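These notes are about the structure you will find just below.
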Amino acid sequence: MPLVEIELSNETAILPDTIIDFLNEADARIRHYLENSPCAATGFVPSHFKRVYHALQTITDLNLACGTSFCEWGSGFGVVTSLASMLEFMACGIEIEQDLVEESRRLADDFGLPVEFVQGSFIPASAAALAEEAYTDNSSVFSWLITDAEEGYNELQRGLDEFDIIFAYPWPGEDYLFTSLFEKYAAEGALLLTYDYPQTIRLLRKQGDPSEGQ
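For the sequence shown, numbering that gives the first Met the number 0 begins at 0 and goes up steadily by one.
Structure representation (structure tokens):
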């Protein structure tokens with residue numbers, strides 16, 4: 000089914016104090032983590048959280064999502080997942096690095112946020128060929144594309160097709176893999192929100208094939 004891009008305005012509304020406080024604390028913890036865990040952090044680069052929050056707020060304000068179920072691919076410190084929860088999405092994140100899962104759980108718990116983080120791969124086992132192709136194309140740089148880890152969906156007890164919104168921060172070269180995974184496995188009507196290099200927010204919807212109704 001084709002993916003249709005939805006234009007989002009460059010919203011610059013003032014952030015609520017609760018969001019500012021949360022982001023300040025998240026930024027401090029991320030800085031500390033990066034300074035003290037350089038080896039573990041080689042694959043972790045935070046996105047622009049304020050821009051992502053504004054995009055999620057716009058999705059909420061315009062009622063663009065089919066529902067409130069949210070999943071972050073490669074959730075890192077869990078900041079975007081937590082922001083989604085603060086906008087009343089039922090939010091969860093999948094992260095390959097166990098130490099980042101633990102950090103994200105601590106951050107969310109300290110703010111009393113009802114989110115769930117699991118360790119594992121966001122790539123379905125049946126999509127291994129797609130991931131391996133992307134891994135080869137990127138000269139084996141992106142170790143998080145390896146699919147020998149258990150699917151995070153198993154622990155969540157939900158399939159990829161049960162989420163209304165997926166958020167991801169693809170590195171250059173990963174875009175095709177992410178959109179291909181979403182197009183093949185997401186539910187019709189679901190949204191894919193990405194923060195793309197260099198600092199671009201993109202929103203895609205999985206749309207039904209018009210020919211199916213003919």
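Even glycine gets a Cβ: it sits at the ideal position worked out from N, Cα and C. Just so we're clear, the structure is a prediction, and the values are computed from it rather than from any experiment.
Any C-beta of chain D under 8 Å from that of residue i
i: E71; result: Although the question refers to chain D, the structure presented lacks it and comprises just one protein chain.
Integer Cβ distance of residue i from residue j, believed to fall under 8 Å
i: Y194; j: L159; result: Contact flag wrong, Cβ pair sits at about 19 Å.
i: F121; j: G151; result: 6 Å
Coil, strand or helix - residue i by DSSP
i: D195; result: strand
i: F166; result: strand
i: V79; result: helix
i: A12; result: coil
i: Q118; result: strand
i: F110; result: coil
i: I29; result: helix
i: S68; result: strand
i: S74; result: coil
i: S36; result: coil
i: L180; result: helix
i: L129; result: helix
i: L185; result: Residue 185 is actually Ala in this sequence, not Leu. DSSP places A185 in coil when its eight states are reduced to three.
i: L63; result: coil
i: L86; result: coil
Span of the alpha helix (DSSP H), counted from its first residue to its last, around residue i
i: V3; result: Where V3 is concerned, there is no enclosing alpha helix (DSSP H), although the beta strand (DSSP E) it sits in stretches over 2-5.
i: E173; result: Premise fails: E173 is in no alpha helix (DSSP H) and is neither H nor E.
Residue i - partner residues in DSSP beta bridges
i: Y204; result: Before going further, note that residue 204 is Arg rather than Tyr in the sequence given. DSSP output for R204 lists V3, L190 as bridge partner(s).
Alpha carbon of residue i to alpha carbon of residue j, nearest angstrom
i: V78; j: L202; result: 19 Å
i: P1; j: L99; result: 34 Å
i: L155; j: A107; result: 17 Å
i: H47; j: D26; result: 11 Å
i: I165; j: T67; result: 11 Å
i: E96; j: S36; result: 12 Å
i: Q118; j: V3; result: 31 Å
i: R104; j: A128; result: 31 Å
i: F162; j: T178; result: 15 Å
i: L63; j: H31; result: 36 Å
i: L55; j: Y168; result: 14 Å
i: G207; j: A189; result: 10 Å
i: L112; j: M85; result: 7 Å
Residue i: first and last residue of the uninterrupted beta strand (DSSP E) it sits in
i: V51; result: V51 -> not in any beta strand (DSSP E); alpha helix (DSSP H) instead, spanning 48-60.
i: A90; result: 89-94
i: E154; result: Unbroken run through E154 is the alpha helix (DSSP H), 151-155; no beta strand (DSSP E).
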